[in-house]
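S.K.: Be aware that the sequence shown starts at 14, since it is given in our numbering, and climbs by one per residue. Quick one: this structure, given as structure tokens, is what I'll be asking you about.
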Amino acid sequence: MVIRSLRSTARKALVFAAAGALAASGAVALAGTADAASTLGAAAAARGRYFGAAVSSGHLGEAQYTNTWVTEFNGVTPENEMKWDTIEPNRNQFNFAPADQITTQARSRSMTIRGHTLVWHSQLAGWVSGLDATNLQTAMTNHINGVMGHWKGQIYAWDVVNEAFEENGTRRQSVFQQKLGNGYIEQAFRTARAADPNAKLCYNDYNTDGQNAKSNAVFAMVQDFKSRGVPIDCVGFQSHFNSASPVPSDYQANLQRFANLGVDVQITELDIEGSGTTQASNYTRVVNACLAVSRCTGITVWGIPDKYSWRASGTPLLFDSNYGKKPAYTAVLNALGGSSDPPPDNPPPDNPPPAGGACAATVTTNQWQDGFVGTVRVTAGTGQVNGWTVTITLPAGATITSGWNANRSGNTGTVQFTNVGFNGAVAPGQSVEFGYQGTGTGSDVTPSCAAS
Ligand code: 9MR
Numbered sequence: 014m015v016i017r018s019l020r021s022t023a024r025k026a027l028v029f030a031a032a033g034a035l036a037a038s039g040a041v042a043l044a045g046t047a048d049a050a051s052t053l054g055a056a057a058a059a060r061g062r063y064f065g066a067a068v069s070s071g072h073l074g075e076a077q078y079t080n081t082w083v084t085e086f087n088g089v090t091p092e093n094e095m096k097w098d099t100i101e102p103n104r105n106q107f108n109f110a111p112a113d114q115i116t117t118q119a120r121s122r123s124m125t126i127r128g129h130t131l132v133w134h135s136q137l138a139g140w141v142s143g144l145d146a147t148n149l150q151t152a153m154t155n156h157i158n159g160v161m162g163h164w165k166g167q168i169y170a171w172d173v174v175n176e177a178f179e180e181n182g183t184r185r186q187s188v189f190q191q192k193l194g195n196g197y198i199e200q201a202f203r204t205a206r207a208a209d210p211n212a213k214l215c216y217n218d219y220n221t222d223g224q225n226a227k228s229n230a231v232f233a234m235v236q237d238f239k240s241r242g243v244p245i246d247c248v249g250f251q252s253h254f255n256s257a258s259p260v261p262s263d264y265q266a267n268l269q270r271f272a273n274l275g276v277d278v279q280i281t282e283l284d285i286e287g288s289g290t291t292q293a294s295n296y297t298r299v300v301n302a303c304l305a306v307s308r309c310t311g312i313t314v315w316g317i318p319d320k321y322s323w324r325a326s327g328t329p330l331l332f333d334s335n336y337g338k339k340p341a342y343t344a345v346l347n348a349l350g351g352s353s354d355p356p357p358d359n360p361p362p363d364n365p366p367p368a369g370g371a372c373a374a375t376v377t378t379n380q381w382q383d384g385f386v387g388t389v390r391v392t393a394g395t396g397q398v399n400g401w402t403v404t405i406t407l408p409a410g411a412t413i414t415s416g417w418n419a420n421r422s423g424n425t426g427t428v429q430f431t432n433v434g435f436n437g438a439v440a441p442g443q444s445v446e447f448g449y450q451g452t453g454t455g456s457d458v459t460p461s462c463a464a465s
């Protein structure tokens with residue numbers, strides 16, 4: 014049991030470390046791992062890409078939310094915390110704390126971090142709109158320098174300018190456009206390059222996912238920037254889809270034509286409304302398109318469980334509101350070459366499942382600087398289990414602060430977990446999972462399992 018637990022943890026750690034290194038260096042294929050990867054991030058890393066999620070700092074205290082993020086994803090975009098109204102609410106007063114909550118955890122796991130976004134007409138602090146052209150120019154430069162400087166060397170890619178075009182391909186009449194004129198996008202990119210020369214600089218937009226007037230206008234801008242040496246490294250395709258705005262038939266071709274200009278492409282805010290196999294097959298198309306374009310360096314879904322989506326009623330994400338994996342999750346994992354099936358060495362031949370009505374338990378611990386999440390898997394032997402008790406002994410100094418899917422006898426030292434109503438019955442050879450989160454160092458625990 015211990016060996017199984019350690020093997021699994023070590024494998025995940027290796028894959029995650031590799032993913033971080035890959036993200037920094039761009040799309041390079043990772044040498045194949047022996048087992049099919051069992052998480053989105055690990056599977057994407059094996060294809061030389063990151064798989065991220067938009068994360069909100071307000072939900073980080075929810076164990077299932079954070080656990081799902083750090084277990085499944087190897088990338089992150091702060092959903093709102095880096096936007097101008099949050100991060101510079103008053104002129105030259107920067108509020109980095111909400112975004113730091115996300116980036117600190119992400120960095121401790123070597124995740125790929127996307128910065129979103131520096132210059133955008135929406136979620137703009139009120140004071141910016143009232144500035145005259147000279148002051149607006151200074152404020153934009155100061156904002157880019159201040160925000161990028163704070164995370165210099167830590168951000169994989171920045172959405173330098175977001176949503177600057179209208180559907181018909183004309184420039185959006187934002188305050189930046191109206192007061193600074195056409196040149197503001199170029200100015201923003203030049204300022205950004207100087208502020209953090211190691212960050213990839215992206216233009217990001219929606220409804221540019223197929224060839225149309227809007228994406229043609231962005232294409233022309235990127236082509237112009239490339240021809241004149243204006244720094245731009247990537248284009249982000251938000252990819253918000255539903256039945257009124259489906260995945261376009263030329264989705265892959267559109268990604269490819271941008272890549273052919275000499276920029277990376279990224280799917281930056283993916284969500285697809287729907288459910289079941291229809292939703293799953295749409296997700297598969299998007300993932301396959303990215304995999305088919307060598308310069309498509311990663312995919313970010315715009316949230317984790319459906320209930321926290323900006324359009325929750327459309328259930329557009331990979332996890333349902335109880336963090337259950339949807340058919341779309343399995344489709345994405347499979348498209349990335351991963352598998353939810355237990356790897357062939359789990360259980361290894363020298364560690365067969367227990368006989369009769371017995372059970373076995375393994376613990377996988379995600380440890381960060383001063384906290385941890387433990388995921389415990391309870392597996393029934395060759396007979397039916399109708400209830401179970403798992404016992405662990407935590408290292409000194411470790412304290413459990415929350416848990417899910419089990420009752421708990423205490424928070425320190427030797428702790429017993431018993432099943433809750435819905436997960437006591439485990440069929441022969443099947444597994445259920447529960448988890449806990451805590452402070453201190455919670456690794457190296459050896460679980461034992463007793464069936465009833
Ligand atoms: O998901 C974000 C939501 O929480 C905010 O209320 C909203 C405000 O405009 O922004 C959402 O994210 C947007 C992203 O920053 C840019 N592209 C469109 C996204 C969905 O609206």
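For every residue, glycine included, the Cβ atom is placed at its ideal position computed from N, Cα and C. Owing to the predicted nature of the structure, the values given are computational and were not obtained by experimental measurement.
Which residues in the same chain have their Cβ closer than 7 Å to the Cβ of residue 271, if we skip the five residues on either side of it in sequence?
M.R.: The sequence position of residue 271 within the sequence shown is 258, counting from 1. Answer for residue 271: 232, 235, 248 and 278, listed in chain order.
S.K.: Would you kindly work out how many angstroms separate the C-alpha atoms of residue 452 and residue 188, rounded to a whole number?
M.R.: For the purposes of this step, residue 452 is taken as residue 439 along the sequence shown, with counting starting at 1. For the purposes of this step, residue 188 is taken as residue 175 along the sequence shown, with counting starting at 1. Each residue's alpha carbon lies about 46 Å from the other.
S.K.: What would DSSP say about residue 219, mapped onto helix, strand or coil?
M.R.: Walking along the sequence shown from the start, residue 219 turns up at place 206. Residue state, collapsed to three classes: coil.
S.K.: Relative to the C-alpha of residue 176, which residue among 252, 212 and 110 is closest?
M.R.: Residue numbering aside, residue 176 sits at position 163 when the sequence shown is read from its first letter. Nearest C-alpha to residue 176: 252.
S.K.: So does residue 466 have its beta carbon nearer than 7 Å to some heavy atom of the ligand 9MR?
M.R.: There is simply no residue 466 to check, as the chain begins at 14 and stops at 465 in what is shown.
S.K.: Any heavy atom of the ligand 9MR within a distance shorter than 7 Å of the CB on residue 282?
M.R.: Taking the sequence shown and counting its residues from 1, one reaches residue 282 at position 269. Checking every heavy atom of the ligand 9MR against the Cβ of residue 282, one is found closer than 7 Å.
S.K.: Taking three-plus beta-carbon pairs below 8 Å as touching, is the stretch 314-327 in contact with the stretch 76-91?
M.R.: Yes: the two stretches touch, three or more of their Cβ pairs being nearer than 8 Å.
S.K.: Would you decide whether residue 308 is buried or exposed? Buried here means 16 or more other CB atoms lie within 10 Å of its CB.
M.R.: Sequence index remark: in the sequence shown, residue 308 carries index 295 (1-based). Classification for residue 308: buried.
S.K.: Following a CB-centred definition, is residue 135 positioned closer than 7 Å to any heavy atom of the ligand 9MR?
M.R.: Position 122 of the sequence shown, counting from 1, holds the residue named residue 135. Yes, the ligand 9MR has a heavy atom inside 7 Å of this Cβ.
S.K.: Taking the alpha-carbon of residue 411 as reference, which of 395, 455, 401 and 97 has the nearest alpha-carbon?
M.R.: As a working note, residue 411 is residue 398 in the sequence shown. Considering only alpha carbons, the answer is 455.
S.K.: Name the one or two DSSP bridge partners that residue 64 has.
M.R.: In the sequence shown, the residue the question calls residue 64 occupies position 51. In DSSP, residue 64 forms a bridge with 312.
S.K.: For residue 156, which three-state DSSP category applies?
M.R.: Counted from its first residue, the sequence shown places residue 156 at position 143. Helix at residue 156.
S.K.: Can you give me the Cβ contacts of residue 99 inside the same chain, cut-off strictly under 7 Å, excluding the 5 residues immediately before and after it?
M.R.: The residue given as residue 99 occupies position 86 in the sequence shown. Excluding residues within five positions, the ones whose Cβ falls inside 7 Å are 93, 108 and 111.
S.K.: What would DSSP say about residue 97, mapped onto helix, strand or coil?
M.R.: In the sequence shown, residue 97 corresponds to position 84, counting from 1. Looking at residue 97 - three-state DSSP - the assignment turns out to be helix.
S.K.: Less than 7 Å between the CB of residue 129 and some heavy atom of the ligand 9MR, yes or no?
M.R.: Along the sequence shown, one-based indexing puts residue 129 at 116. True, at least one ligand heavy atom lies under 7 Å from that Cβ.
S.K.: Are residue 296 and residue 243 closer than 8 Å when you measure CB to CB?
M.R.: By 1-based counting over the sequence shown, the position of residue 296 is 283. By 1-based counting over the sequence shown, the position of residue 243 is 230. Result no, Cβ atoms of residue 296 and residue 243 do not sit closer than 8 Å.
S.K.: My assumption, with CB atoms under 8 Å, is that residue 416 sits in contact with residue 449. Please give the rounded CB distance.
M.R.: Here residue 416 corresponds to residue number 403 of the sequence shown, with the count starting at 1. Here residue 449 corresponds to residue number 436 of the sequence shown, with the count starting at 1. The pair is a contact, with the Cβ atoms about 4 Å apart (cut-off 8 Å).
S.K.: Less than 7 Å separating the Cβ of residue 286 from some heavy atom of the ligand 9MR?
M.R.: Locating residue 286 in the sequence shown gives position 273, where the first residue counts as 1. It does not: the Cβ of residue 286 is nowhere closer than 7 Å to a heavy atom of the ligand 9MR.
S.K.: What's the C-alpha gap between residue 424 and residue 122?
M.R.: Here residue 424 is taken as the residue at index 411 of the sequence shown, counted from 1. Here residue 122 is taken as the residue at index 109 of the sequence shown, counted from 1. Rounded to whole angstroms, residue 424 to residue 122 spans 25 Å at the Cα level.
S.K.: If I measure Cβ to Cβ from residue 367 and keep anything under 6 Å in the same chain, skipping five residues before and after, which residues do I get?
M.R.: The count along the sequence shown starts at 1 and reaches residue 367 at position 354. Cβ neighbours of residue 367 beyond the five flanking positions: 373 and 394.
S.K.: CB-CB under 6 Å to residue 206, same chain, minus the five flanking residues each way: which ones, in chain order?
M.R.: Along the sequence shown, read from residue 1 onward, the residue named residue 206 stands at position 193. 244, listed in sequence order.
S.K.: Using the Cα positions of residue 300 and residue 434, report the straight-line distance between them to the nearest angstrom.
M.R.: Counted from its first residue, the sequence shown places residue 300 at position 287. Counted from its first residue, the sequence shown places residue 434 at position 421. Going from the Cα of residue 300 to the Cα of residue 434 covers about 37 Å.
S.K.: In chain order, what residues of the same chain have a beta carbon less than 6 Å from the beta carbon of residue 438, not counting five sequence neighbours either side?
M.R.: As a position in the sequence shown, residue 438 is number 425, starting the count at 1. For residue 438, where only same-chain residues beyond five positions count, the Cβ hits under 6 Å are 399.
S.K.: Between the stretch 201-220 and the stretch 259-269, are three or more C-beta pairs nearer than 8 Å?
M.R.: At 8 Å Cβ cutoff, the stretches do not touch.
S.K.: Given that a residue counts as buried once 16 or more other Cβ atoms are within 10 Å of its Cβ, and exposed if not, what is residue 60?
M.R.: In the sequence shown, the residue the question calls residue 60 occupies position 47. Residue 60 is buried by the Cβ-count criterion.
S.K.: Can you tell me whether residue 164 sits near the ligand 9MR, meaning its C-beta is under 7 Å from at least one heavy atom of the ligand?
M.R.: Position 151 of the sequence shown, counted from the first residue, corresponds to residue 164. Flag unset: Cβ of residue 164 not near the ligand 9MR.
S.K.: Just checking residue 155 against the ligand 9MR - is the residue's beta carbon closer than 7 Å to any of the ligand's heavy atoms?
M.R.: By one-based count along the sequence shown, residue 155 stands at place 142. Every heavy atom of the ligand 9MR is 7 Å or more from the Cβ of residue 155, so no.
S.K.: Can you check whether the CB of residue 153 is closer than 8 Å to the CB of residue 132?
M.R.: Position 119 of the sequence shown, counting from 1, holds the residue named residue 132. Position 140 of the sequence shown, counting from 1, holds the residue named residue 153. For residue 132 and residue 153, yes; Cβs fall inside 8 Å.
S.K.: Could you pull the start and end residues of the beta strand (DSSP E) that residue 449 belongs to?
M.R.: One-based indexing of the sequence shown puts residue 449 at position 436. From DSSP, the beta strand (DSSP E) with residue 449 extends over 444-452.
S.K.: So residue 330 packs on residue 53, CB below 8 Å; how close in whole Å?
M.R.: One-based indexing of the sequence shown puts residue 330 at position 317. One-based indexing of the sequence shown puts residue 53 at position 40. At roughly 12 Å, the Cβ-Cβ gap does not stay under 8 Å, so residue 330 and residue 53 are not in contact.
S.K.: Is residue 219 close to the ligand 9MR? I mean its beta-carbon at under 7 Å from any heavy atom of the ligand.
M.R.: For the purposes of this step, residue 219 is identified with residue 206 of the sequence shown, where counting begins at 1. Checking every heavy atom of the ligand 9MR against the Cβ of residue 219, one is found closer than 7 Å.
S.K.: According to DSSP, simplified to helix, strand and coil, what is residue 317?
M.R.: Position 304 of the sequence shown holds residue 317. It is coil, neither helix nor strand.
S.K.: Would you kindly report the start and end of the unbroken beta strand (DSSP E) that includes residue 413?
M.R.: Locating residue 413 in the sequence shown gives position 400, counting from the first residue. 412-417 is the span of the beta strand (DSSP E), which, as asked, contains residue 413.
S.K.: Note down the Cα distance separating residue 354 from residue 310, rounded to an integer number of angstroms.
M.R.: By one-based count along the sequence shown, residue 354 stands at place 341. By one-based count along the sequence shown, residue 310 stands at place 297. For residue 354 and residue 310, the distance between alpha carbons rounds to 26 Å.
S.K.: Evaluate residue 47 with the Cβ neighbour count: other Cβ atoms within 10 Å of its Cβ, from every protein chain shown; 16 or more gives buried, anything less gives exposed.
M.R.: Walking along the sequence shown from the start, residue 47 turns up at place 34. With a pLDDT of only 45 at residue 47, under 50, the local geometry of the prediction cannot be trusted, and the value read off the model is given with reservation. Burial call: exposed.
S.K.: Is DSSP giving residue 402 helix, strand or coil here?
M.R.: For this step, residue 402 is matched to residue 389 along the sequence shown. Note: residue 402 maps to strand in three-state DSSP.
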